[in-house]
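Novice: Mind having a look at this structure? Questions to follow.
Residue numbers (this note's numbering): 572 to 866.
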């Protein structure tokens with residue numbers, strides 16, 4: 572191979588890396604259906620750039636924080652500590668793994684700023700860079716905390732701030748959020764305005780007033796523009812159900828996503844990709860496989 576040809580190949584390779592890095596990522600929620608397979612298999616599929624482990628569904632209100640990974644494992648017998656291996660395997664592939672707190676169960680709240688700080692310290696010591704003898708997911712250090720908040724008192728700004736304080740001087744701890752698309756979010760608005768959040772995947776489903784509708788795309792576009800211009804986060808993602816069965820409404824076919832939604836949202840310098848709920852329904856529909864080259 573001539574030096575000139577070799578140099579051209581190197582340049583093309585570097586350009587390919589740049590474009591790959593700048594491309595959007597697919598985020599998926601894992602943990603609420605044992606039929607979705609292991610965390611290791613999820614990451615090894617090559618479909619996802621970020622995985623949210625769902626959920627830490629009990630915290631605050633004087634309750635001991637409790638993780639719930641459906642039938643994947645039994646947290647009461649420390650059975651979920653084996654998930655640590657999957658977390659390590661994902662991270663070795665360059666995939667970020669978050670712990671998602673909240674969800675739709677309603678078993679959580681923050682009754683005071685002091686309680687919010689206490690929950691932050693629990694998260695830090697049991698899932699992040701702190702130390703505890705009873706880490707529910709084993710010794711793996713997660714990349715961050717995802718706020719999927721659908722209820723409770725509004726002390727999440729204190730929770731986010733304390734997590735940020737605890738992580739100073741150490742490895743980066745990502746803060747992410749999954750607000751509903753109506754703006755402002757009923758629970759996370761103040762927290763999101765702190766500028767502490769890296770990624771926001773907006774749930775454009777189960778909210779007809781701001782979902783994508785081919786007959787009236789303006790409501791979706793207005794909502795996207797409002798979110799990306801009002802909240803000081805690094806990147807925004809379009810949150811969608813991975814199949815019609817995954818949500819009550821808001822499903823967007825892959826053809827429409829590729830031809831109509833993605834060309835619009837990619838116009839934002841803060842575009843980050845697509846979030847899918849959830850891994851099992853994505854397995855059934857093949858949604859991520861059909862969109863990943865376009866995201």
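In this text, a Cβ means the ideal position worked out from N, Cα and C, and glycines have one as well. The model shown is predicted, which means the values in this text are computed figures rather than measured ones.
Does the ligand MN have a heavy atom nearer than 7 angstroms to the CB of residue 598?
Specialist: For the structure depicted, the ligand MN is absent and the ligand set is empty, with no information on it obtainable.
Novice: When you compare the CB positions of residue 746 and residue 695, do they come within less than 8 angstroms of one another, or not?
Specialist: Position 175 of the chain shown, counted from the start, is the residue given in the question as residue 746. Position 124 of the chain shown, counted from the start, is the residue given in the question as residue 695. It is not a contact, given that the beta carbons lie outside the stated cut-off.
Novice: In this structure, does DSSP put residue 635 in helix, strand or coil?
Specialist: Here the question's residue 635 lines up with position 64 in the chain shown. Strand.
Novice: Locate the beta strand (DSSP E) running through residue 716, then write down its first and last residues.
Specialist: The residue given as residue 716 occupies position 145 in the chain shown. From DSSP, the beta strand (DSSP E) with residue 716 extends over 715-719.
Novice: Taking the straight line between their C-alpha atoms, what separation do you get for residue 607 and residue 620?
Specialist: If you number the chain shown from 1, residue 607 lands on position 36. If you number the chain shown from 1, residue 620 lands on position 49. In a straight line, the C-alpha of residue 607 is about 17 angstroms away from that of residue 620.
Novice: What does the alpha-carbon distance come out to for the pair residue 722 and residue 777?
Specialist: As a working mapping, residue 722 is identified with position 151 in the chain shown. As a working mapping, residue 777 is identified with position 206 in the chain shown. So the alpha carbons of these two residues sit roughly 16 angstroms apart.
Novice: State yes or no: is the C-beta of residue 658 within less than 8 angstroms of the C-beta of residue 610?
Specialist: Here residue 658 refers to the residue found at position 87 of the chain shown. Here residue 610 refers to the residue found at position 39 of the chain shown. Yes, Cβ-Cβ distance for residue 658 and residue 610 is below 8 angstroms.
Novice: Using beta-carbon positions only, say whether residue 852 and residue 812 come within less than 8 angstroms of one another.
Specialist: As a first step, residue 852 is located in the chain shown; it is residue number 281 there, counting from the start. As a first step, residue 812 is located in the chain shown; it is residue number 241 there, counting from the start. Yes, they are a contact pair.
Novice: Would you say residue 713 and residue 670 are within 8 angstroms of each other, going by their C-beta atoms?
Specialist: For this step, residue 713 is matched to residue 142 along the chain shown. For this step, residue 670 is matched to residue 99 along the chain shown. Yes, the pair counts as a contact, with Cβ atoms nearer than the cut-off.
Novice: Could you please give the first and the last residue of the uninterrupted alpha helix (DSSP H) stretch that includes residue 665?
Specialist: Position 94 of the chain shown, counted from the first residue, corresponds to residue 665. Segment: none, residue 665 is in no alpha helix (DSSP H) and carries neither H nor E.
Novice: Sort 643, 701, 617 and 703 by Cα distance to residue 663 and report the nearest one.
Specialist: As a first step, residue 663 is located in the chain shown; it is residue number 92 there, counting from the start. Nearest option by C-alpha distance: 617.
Novice: On the criterion of 16 or more Cβ atoms from any shown chain inside 10 Å, does residue 731 qualify as buried, or is it exposed?
Specialist: Your numbering for residue 731 matches position 160 in the chain shown. Buried, because 16 or more other Cβ atoms sit within 10 Å of the Cβ of residue 731.
Novice: Who are the Cβ neighbours of residue 728 in its own chain at under 7 angstroms, not counting the five residues just before and after it?
Specialist: Position 157 of the chain shown, counted from the first residue, corresponds to residue 728. Around residue 728: 761, 762 and 765.
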